[in-house]
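Peer 1:
There are 2 protein chains.
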Amino acid sequence: MSGTSARLAGPVEIVGTGLIGTSIALACRRAGLEVLLTDRDPDHVRTATGLGAGRPRTDDDEPQLVVVAVPPDALGKAIRDALDTAGPETVVTDVGSVKAAPLDAVAGHPAVSRYVGSHPMAGTEHSGPLTANAELFDGRPWAVTPGPDATASAARLVEALVVLCGAVPVRLSPYEHDRAVARTSHVPHLMASLVAGTLAGAPADHLALSGTGVRDVTRVAGGDPRLYSQIIGGNAAAVAALLTEVRERLDLALEAIAGDDRAGLESLLAYGQAGTRAIPGKHGAAPQEMAAVRVALPDQPGGLARLFADAGASGVNIEDVRIDHDPGRPVGQVEIDVVADRAEELRVALESKGWVTHR
Amino acid sequence: MSGTSARLAGPVEIVGTGLIGTSIALACRRAGLEVLLTDRDPDHVRTATGLGAGRPRTDDDEPQLVVVAVPPDALGKAIRDALDTAGPETVVTDVGSVKAAPLDAVAGHPAVSRYVGSHPMAGTEHSGPLTANAELFDGRPWAVTPGPDATASAARLVEALVVLCGAVPVRLSPYEHDRAVARTSHVPHLMASLVAGTLAGAPADHLALSGTGVRDVTRVAGGDPRLYSQIIGGNAAAVAALLTEVRERLDLALEAIAGDDRAGLESLLAYGQAGTRAIPGKHGAAPQEMAAVRVALPDQPGGLARLFADAGASGVNIEDVRIDHDPGRPVGQVEIDVVADRAEELRVALESKGWVTHR
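Chains as they are written, first to last, in our numbering: chain W, 1 to 359; chain Z, 1 to 359.
#1: Which residue marks the beginning of the beta strand (DSSP E) containing residue 65 of chain W, and which one marks its end?
#2: Taking the C-alpha atoms as reference points, what is the distance between residue 175 of chain W and residue 92 of chain Z?
#3: Verify whether the separation of the beta carbon atoms of residue 209 of chain W and residue 147 of chain W is less than 8 Å.
#4: Quick check: the Cα distance between residue 188 of chain W and residue 296 of chain Z, rounded to an integer number of angstroms?
#5: Relative to the C-alpha of residue 254 of chain W, which candidate in W:269, W:200 and W:319 has its C-alpha closest?
#6: Answer yes or no: does any C-beta atom of chain Z fall closer than 8 Å to that of residue 271 of chain W?
#7: So what does DSSP say about residue 3 of chain W, is it helix, strand or coil?
#8: Just how far apart, CA to CA, sit residue 274 of chain W and residue 152 of chain Z?
#9: Am I right that residue 16 of chain Z and residue 69 of chain Z are in contact with their C-beta atoms under 8 Å? What's the rounded C-beta distance?
#10: Which residues in chain W sit within 8 Å of residue 276 of chain Z, going by Cβ to Cβ distance?
#11: Kindly indicate if chain W contains any beta-carbon less than 8 Å away from that of residue 84 of chain Z.
#12: Under the rule that 16 or more other beta-carbon atoms within 10 Å means buried, what is residue 108 of chain W, buried or exposed?
#13: Flag residue 190 of chain W as yes if its beta-carbon sits less than 8 Å from any beta-carbon of chain Z, otherwise no.
#14: Are the beta-carbon atoms of residue 202 of chain Z and residue 183 of chain W separated by less than 8 Å?
#15: Rounded to whole angstroms, what's the CA-CA distance from residue 156 of chain W to residue 11 of chain W? Just pull it up for me.
#16: Just to check my reading of the structure: residue 8 of chain Z and residue 164 of chain Z have Cβ atoms closer than 8 Å, yes? What is that Cβ distance to the nearest angstrom?
#17: Taking the alpha carbon of residue 20 of chain W as the point to measure from, which residue in W:51, W:38 and W:120 has its own alpha carbon closest?
#18: With three or more C-beta pairs closer than 8 Å as the rule, is the stretch 306-320 of chain W touching the stretch 302-317 of chain Z?
#19: What does a CB cutoff of less than 7 Å around residue 179 of chain Z pick up in its chain, not counting 5 residues either side in sequence?
#20: Does any residue of chain Z bring its CB to less than 8 Å from the CB of residue 206 of chain W?
#21: If we define contact as Cβ-Cβ less than 8 Å, is residue 228 of chain W a contact residue for chain Z?
#22: What is the rounded straight-line gap between the Cα of residue 357 of chain Z and the Cα of residue 216 of chain Z?
#23: DSSP three-state call for residue 257 of chain Z: helix, strand or coil?
#24: Please compile the residues from chain Z whose C-beta is within a distance smaller than 7 Å of the C-beta of residue 118 of chain W.
#25: Could you say which of Z:172, Z:113 and Z:130 lies nearest to residue 142 of chain Z if we only look at CA atoms?
#26: Just to confirm my understanding: we take residue 213 of chain Z, look at its own chain, exclude 5 residues before and 5 after, and list those with CB closer than 6 Å. What are they?
#27: Spatial neighbours of residue 318 of chain Z within its chain, please: CB distance less than 8 Å, with the 5 preceding and 5 following residues excluded, ordered by chain position.
#28: Grab me the residues of residue 116 of chain W's own chain with a C-beta within less than 6 Å of its C-beta, minus the 5 sequence neighbours each way, in chain order.
#29: Compare the C-alpha of residue 39 of chain Z against each of Z:241, Z:316 and Z:66 and name the closest.
#30: Would you report the Cα separation of residue 84 of chain Z and residue 226 of chain Z, rounded to the nearest angstrom?
#31: Hey, is residue 232 of chain Z's beta-carbon within less than 8 Å of any beta-carbon in chain W?
#32: For residue 129 of chain Z, count the other beta carbons within 10 Å of its own beta carbon; 16 or more makes it buried, fewer makes it exposed. Which is it?
#33: How is residue 353 of chain Z classed by DSSP in three states: helix, strand or coil?
#34: Against chain Z, with Cβ distances strictly below 8 Å, would residue 135 of chain W count as a contact?
#35: Would you grab the beta carbon distance between residue 160 of chain Z and residue 137 of chain Z for me? Rounded to a whole angstrom, and I think it's under 8 Å.
#36: DSSP puts residue 14 of chain W in a beta bridge; with which residues?
Spelled out as structure tokens, the structure:
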């Protein structure tokens with residue numbers, strides 16, 4: 001890949017030593033690069049330094065690459081500041097969740113050709129340097145989004161950082177990126193939040209009927225409202241455009257329901273079903289045919305580990321696992337996904353160890 | 001519980017030997033009851049009989065309880081037919097996903113006092129008798145929804161069936177039930193389907209940025225469109241009322257985004273976050289404080305099983321498991337949830353076995 005041809009020798013400056021910034025710092029240190037740390041909060045720099053993520057930056061330092069990893073609303077100014085103070089050769093990137101807004105923020109800056117935005121598809125529900133780890137980006141997509149004024153060598157250097165972090169570079173224009181994440185992240189988050197909102201203050205005997213479905217749909221809505229209001233607000237145009245389309249289809253659903261138009265309702269649902277099949281499968285491969293083996297699990301310490309030890313002894317590779325957590329369920333159910341033509345083999349192996357299984 | 005005082009002695013007739021009907025039949029046989037099988041499709045009856053679910057019903061049989069388990073749009077007629085042909089003491093229930101519509105369908109029937117609707121919160125993505133199992137209902141909530149004309153003894157007999165199947169009876173009026181499932185199942189399904197619809201036909205480089213979030217949000221939208229159009233269409237009033245509320249909040253979200261009203265957007269998201277916390281935790285208990293231990297997993301046969309065997313050896317009980325399936329991720333990540341104050345113990349145990357873990 002082109003990025004690998006640009007030599008990233010360091011030093012790399014990390015501006016903002018939170019989860020993402022410190023994780024990038026640790027990945028750079030893992031590769032032996034010198035890392036300079038900057039944060040508004042000196043405690044964060046001290047913590048990150050203590051984790052072996054690098055050393056505080058001094059005025060004499062001249063980084064080869066600056067990675068700006070600050071909250072969305074602070075991105076534009078932080079990127080401009082980095083371009084102002086950087087050396088004549090220094091390349092600046094950021095890892096913000098939206099890419100058009102920061103590009104607009106640096107429009108007309110004399111060093112705009114040395115700015116290339118990026119966005120790693122990684123993160124956890126945690127934040128702060130203490131939750132950082134060098135493996136956070138292993139194999140993840142990481143969007144690299146050069147603007148029209150960016151030099152090819154600057155883009156290649158950012159792609160070299162992506163590869164160094166173990167991630168997979170995905171080149172997009174800033175505008176395509178923002179349309180993509182509106183679709184794969186921001187609108188899904190908003191819709192999950194709207195569904196979850198219908199549960200707030202709901203009667204307990206309504207919530208008692210909650211199954212795994214509503215849990216899956218609403219899970220992401222548990223994320224930090226302040227952070228996501230900045231992310232979504234920073235991608236207003238793309239989110240509004242897609243959310244308006246969704247609203248039109250929601251109106252169609254309401255019409256179909258009001259008019260008892262089963263065919264119309266079915267076609268809306270079939271369109272959604274087709275959408276679920278468009279998501280790339282594991283490792284980006286075409287979805288492989290899987291089968292679920294269901295196992296009844298007594299809720300006892302070590303039960304799950306015993307089950308997996310027995311499953312492992314069968315020699316059948318486990319592709320995925322789901323554990324049923326319905327309320328009022330004293331006996332759990334575990335679904336083990338395996339390649340379809342190995343499912344019966346796993347079932348027989350588990351039954352022979354005394355597990356109750358079913359299709 | 002009152003239901004346990006009503007003696008269910010059988011015979012139990014199952015009308016409709018699909019996944020749910022045959023699973024109830026198997027649970028009744030497990031308890032030693034005589035089970036009579038009826039289905040429009042004689043092959044289904046033969047298959048269910050072959051599975052040991054019971055025997056075909058004859059005209060001389062007089063069941064104590066009839067369980068109607070046919071598709072939503074066929075429910076009303078099937079329940080009326082059961083009441084017409086049943087003996088003077090026979091109680092009739094159904095297991096449909098909506099409860100007001102079938103009650104309306106039997107309104108004015110001379111035997112309406114012996115009809116009590118119900119709805120087990122169970123099922124898989126599969127259908128047909130071959131996918132049935134007696135454990136399907138273990139510990140699940142199972143709504144029992146007597147109408148105004150139902151006798152107390154009829155309701156108790158249906159509750160006795162619920163308990164016999166290993167499920168947990170939840171008493172609701174038919175109208176409360178339909179409002180509850182609109183909230184916990186039907187509207188979440190529609191919203192997931194609308195999100196999934198935005199992925200149908202999306203550019204590949206957009207879909208390449210799909211993470212675990214959009215997969216969770218859209219998973220239920222993979223369900224059978226025909227079945228769900230019947231379920232949702234059969235609960236039109238409750239779904240339309242709630243979906244209209246959701247649409248109003250979606251309009252608020254659009255206004256907040258268009259007006260760059262970060263505070264308004266944040267309060268909408270905070271409301272959703274509160275909703276995710278309203279869902280009952282495992283076994284209906286108040287959510288316990290959990291911590292996730294993240295482990296890097298090489299994608300090799302048996303790797304997951306080795307991991308769980310090592311985790312089991314630590315003696316720390318595993319509460320939940322998530323496996324990261326992001327596209328382009330050669331190295332997987334497994335998140336193991338344990339009670340928060342045992343997390344460090346598990347981490348140390350796994351590191352000692354050579355696993356790479358992080359918070």
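Using N, Cα and C, we set each Cβ at its ideal position, and we do this for glycine too.
Peer 2: Answer, in terms of the structure:
#1: 65-68
#2: 60 Å
#3: no
#4: 27 Å
#5: W:269
#6: By this cut-off, residue 271 of chain W is an interface position.
#7: Low confidence applies to residue 3 of chain W: its pLDDT is 35, below 50, so where it sits in the model is not reliable enough to give any reading.
#8: 46 Å
#9: 4 Å
#10: Taking a Cβ-Cβ threshold of 8 Å, the residues of chain W close to residue 276 of chain Z are 196, 199, 218, 219, 221 and 222, in chain order.
#11: no
#12: exposed
#13: yes
#14: yes
#15: 16 Å
#16: 6 Å
#17: W:120
#18: Short answer: they touch.
#19: 238
#20: yes
#21: yes
#22: 24 Å
#23: helix
#24: Near residue 118 of chain W there are no residues of chain Z at all, since even the closest Cβ is about 12 Å away, more than 7 Å.
#25: Z:172
#26: none
#27: 308, 311, 312, 336, 337 and 338
#28: Within the same chain, Cβ atoms closer than 6 Å to the Cβ of residue 116 of chain W are found at 93, 146, 150, 154, 155 and 158, the five residues on either side in sequence being excluded.
#29: Relative to the Cα of residue 39 of chain Z, the nearest Cα in the group Z:241, Z:316 and Z:66 belongs to Z:66.
#30: 29 Å
#31: yes
#32: buried
#33: coil
#34: yes
#35: Not a contact, Cβ separation roughly 14 Å.
#36: DSSP lists W:37 and W:67 as the bridge partner or partners of residue 14 of chain W.
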